[in-house]
Amino acid sequence: MTEVDINELLDYMYRFFLPQIHEKNLALKISNPFKDENLLLNSDKEKLYAILTNLTRNAIKFTDKGFIEIGYSRNDDEHLFYVKDSGIGMTHDQIGIVFERFRQGSETIARDYEGSGLGLSISKAYVEMLGGRIWVESQIDTGSVFYFTVKG
1 MTEVDINELL DYMYRFFLPQ IHEKNLALKI SNPFKDENLL LNSDKEKLYA
51 ILTNLTRNAI KFTDKGFIEI GYSRNDDEHL FYVKDSGIGM THDQIGIVFE
101 RFRQGSETIA RDYEGSGLGL SISKAYVEML GGRIWVESQI DTGSVFYFTV
151 KG
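Per UniProt numbering: the sequence shown = residues 1 to 152.
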């Protein structure tokens, strides 16, 4: 475990993904109501970067128009991160299997969008290793929001 600067993490995500976002003519927003504070989290930096990278890559992959938003919030003992998109969204059944290994929600999605179906299952494992939880809220043709928490 190391000290992770959350503002630095979010800034890195913005700079890293901005070229891909512009390539698809999408908008990228960082939502952090605490951006003027010194936000430090004692956690595994590499796992946090990997989780946010996986979630953001998926959001970009499944969004053809609109936006991607990477956000952060906190309460007393939890740090909440999220990645929101205006992409294709998922059905209730797809939400039920999206964190399983080698699954992409449906065979049609697997054919239409490249990927191994491991990113979300790896992200789930990392979140659980960090003592948190991960979940998704989604609507077809509206988009998805992937949330995860980390103790801190």
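Think of the CB as a built atom: it goes at the ideal place given N, C-alpha and C, for glycine as much as any other residue.
Nearest residue (CA-CA) to residue i, options the options
i	options	result
Asn-32	Leu-118, Glu-69, Phe-16	Glu-69
Glu-137	Val-127, Asp-85, Lys-151, Arg-101	Asp-85
Val-150	Glu-8, Gln-139, Gly-132, Ser-144	Gly-132
Asp-36	Thr-142, Asp-141, Ile-6, Gly-152	Ile-6
Met-90	Ile-140, Ala-59, Asp-64, Asp-11	Ile-140
Ala-125	Leu-80, Glu-23, Ile-88, Asn-54	Asn-54
Ile-30	Leu-41, Leu-40, Leu-18	Leu-18
Ile-97	Val-127, Asp-77, Leu-118	Leu-118
Asp-11	Ile-134, Tyr-72, Asn-58, Ile-88	Tyr-72
Thr-142	Leu-120, Ile-122, Trp-135, Ile-88	Ile-88
Val-145	Tyr-49, Arg-57, Val-83	Val-83
Thr-56	Asp-44, Val-4, Arg-15	Arg-15
Leu-48	His-79, Asp-93, Phe-99	His-79
Asp-44	Glu-100, Glu-3, Arg-74	Glu-3
Ile-95	Ile-134, Leu-40, Glu-46, Leu-41	Ile-134
Leu-39	Leu-9, Tyr-147, Phe-148	Leu-9
Phe-148	Met-13, Asn-42, Arg-74	Arg-74
Phe-34	Phe-81, Val-127, Asn-42	Phe-81
Identified DSSP bridge partners for residue i
i	result
residue 154	The chain is shown only over 1 to 152; residue 154 falls outside these bounds and no answer can be derived.
Ser-123	Bridge partners of Ser-123: none, in fact.
Phe-148	Phe-81, Ile-134
Gln-139	Gly-143
Heavy atom of the ligand NAD within 6 angstroms of residue i beta-carbon
i	result
Asn-54	Ligands displayed in this structure: none; no statement on the ligand NAD is therefore possible.
8 angstroms contact criterion, which residue i and residue j should meet: CB distance rounded
i	j	result
Ile-21	Ile-60	7 angstroms
Phe-99	Leu-120	5 angstroms
*Complete beta strand (DSSP E) runs within the segment 28-86 (minimum length 3 residues, chain order)*: Runs of the beta strand (DSSP E) lying entirely within the segment 28-86 and spanning at least 3 residues, in chain order: 40-43, 67-74, 78-85.
*Counting pairs of beta carbons, one from the segment 58-66 and one from the segment 8-26, are three or more of them closer than 8 angstroms?*
With the cut-off at 8 angstroms, the segment 58-66 and the segment 8-26 touch.
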